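Numbering (the numbering used here), first residue to last: 87 to 206. Here a beta-carbon is modelled for each residue, glycine too, at the ideal position from N, C-alpha and C. Note that the structure is predicted; figures quoted are calculated from it, not measured.
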């Protein structure tokens with residue numbers, strides 16, 4: 087009878103671990119998908135930037151935009167960014183699993199306070 091109770095406890099613990107592992111796996115899939123979407127968005131924005139720079143250079147002539155017009159390393163210049171990134175360390179509810187959440191948005195949507203800091 088004592089062995090049956092021990093076996094029952096082990097089965098319950100195994101079932102709990104299975105559920106927790108399944109939850110962690112699903113969260114990992116969601117986070118992986120978000121990472122891939124963010125990387126694709128970053129690639130698109132970068133590509134668009136290069137194309138816009140090429141258009142500007144073509145329209146203004148190849149000598150109008152040159153390296154001499156770019157700020158040097160020791161100069162300070164203010165260039166407003168249209169795309170902002172933010173990084174948050176999050177804690178999964180129910181256990182001590184930490185992960186880093188990256189988000190990409192325009193400067194109008196730079197308010198990151200609406201994101202949950204306690205996971206999904």
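DSSP has residue i in a bridge; who is on the other side?
i, result
"residue 143", "Answer is none; residue 143 lacks a bridge partner."
"residue 175", "186"
"residue 191", "170"
Pull up the CB-CB distance for residue i and residue j, whole angstroms please, since I reckon it's below 8 Å.
i, j, result
"residue 124", "residue 188", "6 Å"
"residue 147", "residue 170", "Not a contact, Cβ separation roughly 32 Å."
Using CA coordinates, which residue listed in the options is at the minimum distance from residue i?
i, options, result
"residue 178", "120, 121, 106", "106"
"residue 167", "119, 131, 97, 100", "131"
"residue 224", "103, 127, 117", "The first residue shown for the chain is 87 and the last is 206, placing residue 224 beyond what the model contains."
- Query: Are there three or more Cβ pairs, one per stretch, closer than 8 Å when the region 105–118 is compared with the region 176–186?
  - Reply: yes
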